[in-house]
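One structure is given below, encoded as structure tokens.
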Amino acid sequence: MLVENPMVLNNWHDKTTEPEMKKDFFGDEVTSADDYVIDSGEIILRENLKRYLKEHLGFRFHSAQ
9 MLVENPMVLN NWHDKTTEPE MKKDFFGDEV TSADDYVIDS GEIILRENLK
59 RYLKEHLGFR FHSAQ
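What follows is the structure in structure tokens.
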């Protein structure tokens, strides 16, 4: 009698068994290797921080020239 692994038969790569990936404020995937900040419960990747400050909080950036 040949018995197949149910994880293989049922395609175990579905939404019910895979962990949900964290997303930042802009929808980018956050991994364990990423640097990020948290503002009022929102995760913001470091590379998106300037964009978040400008678009969401109204910050303006200037150079000293």
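Residue numbers (this note's numbering): 9 to 73. The beta-carbon is built from N, C-alpha and C at its ideal position, and this holds for glycine as well. Model, not experiment: these values are computed from the prediction.
Sub-8 Å separation of residue i and residue j beta-carbons
i, j, result
"Ile51", "Phe67", "no"
Span separating the alpha-carbon of residue i from that of residue j
i, j, result
"Asn56", "Lys62", "10 Å"
"His64", "Val38", "19 Å"
"Lys30", "Asp42", "11 Å"
"Glu28", "Leu53", "17 Å"
"Ser71", "Ser40", "33 Å"
"Asp36", "Phe69", "23 Å"
"Tyr44", "Tyr60", "12 Å"
DSSP three-state assignment for residue i, whether helix, strand or coil
i, result
"Leu65", "coil"
"Glu55", "helix"
Bridge partner(s) assigned by DSSP for residue i
i, result
"Glu50", "Asp47"
"Glu37", "Lys31"
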